[in-house]
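Under my numbering, the residue at position 223 of the sequence shown is numbered 203, and the numbers go up by one with no gaps.
Ideal Cβ positions, reconstructed from N, Cα and C, are used throughout, including at glycine.
As the structure is a computational prediction, the values presented were derived from the model and not from experiment.
Comments concern the structure below.
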Amino acid sequence: MPESSCGDPRFTGADGNTFYFHGKKDESFCLVTDDQLHINARFIGNHNDRNDRDFTWVQSLGVSFGEHKLYIGARRAVEWDEDEDHVVIALDGEPVDVEAGKSARWVSKAVRGLSVTRTGTDVNAVTVELDGVFTISANAVPVTDEDSRVHSYGKTGRDSLVHLDIVYKFHGLTGGVDGVLGQTYRPDYVNKLDIKAKMPVMGSEDKYRSSGLFATDCAVSRFHRAAVGDAVDGFTSFAS
């Protein structure tokens, strides 16, 4: 089944159970790390003095595979306009330009099997796919005034806290995969969270903390960047 992350980051793992991982605002944490795939998420948020933690949301993903770096992010906005494109995508530092029209599609010339497609009629919804490796559906959304009022998020007129609601689907992960979400794919994974709790929370933040969005230096990292000699058409053979 597809896995997801959304809201005040709520994840649904490969085992079908939902949990929260709060991370920390303005820091990056590893979601998935495997031999040839590494995904970090950068968190934004507001600090809540009442319970001494951050309200957080995923603002961007840094996807490393082979020798490539793929950025999927939500553009900051003071005021939210649903007709404006708030999704930002870049491959190896170069912007990916996808037309704003319904079902518009971009296909990479540099990476075989990599594409970005606008989904439905929402200009802020895209599906990023690497054939045989992953499908990431991302939707840029704001924190609404009503949500902020109900949950005391502390939204101000200076920032709509635009973030990503994300659904993931992975193919061919190894048995050693790790990360906040990746660990749920391990054949020996045992869910130790209290799944009956109203809001089961995964801790161990230090284990998943990365020094940057594309850093692969978290304590559980499994990623091995491909040597140039192992590449096929500028990309490793696992996506062929």
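Where residue i falls: helix, strand or coil (DSSP)
| i | result |
| --- | --- |
| ASN(-3) | coil |
| HIS154 | As written in the sequence, residue 154 is Thr, which differs from the His given in the question. In the structure shown, THR154 sits in coil (DSSP, three-state: anything other than H, G, I, E or B). |
| THR97 | strand |
| ASP168 | coil |
| GLY162 | helix |
| ARG202 | coil |
| ARG138 | coil |
| LYS149 | strand |
| GLY42 | strand |
| LEU144 | strand |
Beta-carbon proximity check, residue i vs residue j, cutoff 9 Å
| i | j | result |
| --- | --- | --- |
| SER40 | LEU110 | no |
| VAL121 | ALA54 | yes |
| PHE194 | VAL113 | no |
Delimiting residues of the beta strand (DSSP E) encompassing residue i
| i | result |
| --- | --- |
| SER128 | Segment 125 to 131 is the alpha helix (DSSP H) holding SER128; no beta strand (DSSP E) there. |
| ASP14 | 8 to 14 |
| ALA109 | A small fix is needed here, since residue 109 is Glu in this sequence, not Ala. Residues 105 to 110. |
| SER117 | 114 to 121 |
| PHE(-9) | -10 to -8 |
| LEU50 | 48 to 54 |
| ALA70 | 67 to 71 |
Terminal residues of the alpha helix (DSSP H) in which residue i lies
| i | result |
| --- | --- |
| LYS187 | 185 to 188 |
Residues that residue i bridges to, as DSSP identifies them
| i | result |
| --- | --- |
| TRP86 | VAL96 |
| PHE35 | ASN26 |
| VAL181 | TYR0 |
| GLU255 | For the chain, the structure presents residues -19 to 220; residue 255 sits outside this window and is missing. |
| LEU17 | ASP14 |
Among the options, nearest to residue i - alpha-carbon criterion
| i | options | result |
| --- | --- | --- |
| THR(-2) | HIS131, MET179, TYR188 | MET179 |
| THR115 | SER128, GLY93, TRP37, THR124 | GLY93 |
| ASN26 | GLU126, TYR133, ARG129, GLU79 | TYR133 |
| ARG202 | GLY155, VAL87, VAL108, ASP14 | ASP14 |
| ARG80 | GLY100, ALA90, GLU185 | According to the sequence provided, residue 80 is Ala. The question's Arg does not apply to it. Ranking the options by Cα distance to ALA80, first place goes to GLY100. |
| ARG166 | LEU173, VAL157, LYS172, ASP174 | VAL157 |
| GLU64 | SER117, LEU173, ASN104 | ASN104 |
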